[in-house]
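Inspection log for the structure reproduced underneath, given as structure tokens.
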Amino acid sequence: MTRMRPAAVAGAFYPAQATILNKDLQHYLHEAGARLSSGPEASSWPKALIVPHAGYVYSGPIAASAYRLLTPGRGKIQRVVILGPAHRVPFRGIALPGADAFQTPLGALPVDRAGVAAIAHLPQVLELPIAHAQEHALEVQLPFLQEVLGQVSILPLVVGEASPREVAEVLDALWGGPETVILISSDLSHYHPYAEARSIDSATVRQILRLDGTPIHHDQACGATPINGLLQAAHRHHLQPRLLDLRNSGDTAGSRDAVVGYAAFAFFAEPTTP
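So in the working numbering, the last one in the sequence shown is 265, and the numbering has no gaps at all.
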């Protein structure tokens, strides 16, 4: 019997009707492509992404700027490892979902069994379905993956209290090759006035791009813990970060009195010398 994690935030964070959801996704991806396209069509894709996880009307356009870069990997990317922060259930460690698949209005995505087996023995990893049951940070990424990559397997991990080293250890165990993409789900600063948020978020972006080991704090990004783990692993694997988009809810669909920051990053493998 398949253990299905049903969609929990469809109709709230994104449309629950498949036709509307599909249309919205195509719109965001098309607009991101038109805004950011330059040069010949890429034949490779990033190893890792950082993308926001708010309601689509707020952060969908920013997330799309990252997802569009995965388009060349359709049919080649086999697994997406997704890490996001725990918003609803406090716990120590990194939580597996205890599910075989995740449902969205666009269908179900299977959980990668081999990936689960590869990390289940690590002391920081536990199976905690309740941490996944109502968590939006991972779920909102799934329709984008379905639109861009089709039927791909996922390894969704909710990150509770953990060290960057513990996160990086999980990422290293799942690193794989071009068939595996790592996705970190995180917004940036929360509920500052517009100008102040822009200043805070710009400093956070510079910190991430430096890749120098300086930790990101939770007042800078709700997903600071998985971001810090990725930055450790990215440094060790010689990835090169690139900022794709930086905006906030005051730029998209909200008031500028108290905004939430959103950024999209891609991390690329260094080109090999022939």
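Even for Gly, the Cβ is constructed at its ideal location relative to N, Cα and C.
Assigned secondary structure, I306 (DSSP; H/G/I helix, E/B strand, else coil): The chain is shown only over -8 to 265; residue 306 falls outside these bounds and no answer can be derived.
Reference A92; option with closest CA among L222, V107, L235: V107
Exposed unless 16 or more other CB atoms sit within 10 angstroms - verdict on R(-6): exposed
Residue range of the unbroken alpha helix (DSSP H) whose run includes P52: 47 to 58
Given L100 as reference, the closest of G84, I85, H127, R70 once Cα atoms are compared: R70
Per-residue burial, H183 [other beta carbons within 10 Å of its own, 16 or more giving buried]: buried
Nearest-angstrom Cα separation, counted from S177 out to G241: 17 Å
Classification of A111 by the beta-carbon crowding that lies within 10 angstroms, buried from 16 upward: exposed
contact_flag[the stretch 143 to 157, the stretch 42 to 54] where n(CB pairs < 8 Å) is 3 or more: no
Boundaries of the alpha helix (DSSP H) in which S193 is found, first to last residue: 185 to 201
Nearest-angstrom beta carbon gap, L174 and L87 [assumed within contact, 8 Å]: Not a contact, Cβ separation roughly 16 Å.
Cβ separation of P232 and F256, assumed to be a contact under 8 Å, to the nearest whole Å: 6 Å
Buried or exposed by the 16-neighbour rule on C-beta atoms within 10 Å, applied to G30: In this predicted model, G30 has a pLDDT of only 44, less than 50, meaning its place in the structure is not dependable; the value taken from the coordinates is given anyway. That one is exposed.
Option in R104, E160, A7, V172 with minimal Cα separation from G98: A7
Distance, E187 Cα to H208 Cα: 17 Å
Buried/exposed call for E160, threshold 16 Cβ in 10 Å: buried
Straight-line Cα distance separating Y253 from S246: 15 Å
Heavy atom of the ligand HEM within 6 Å of I207 beta-carbon: No copy of the ligand HEM appears in this structure; indeed no ligand is present at all.
Terminal residues of the alpha helix (DSSP H) in which I110 lies: 104 to 110
contact_flag[the stretch 194 to 210, the stretch 18 to 26] where n(CB pairs < 8 Å) is 3 or more: no
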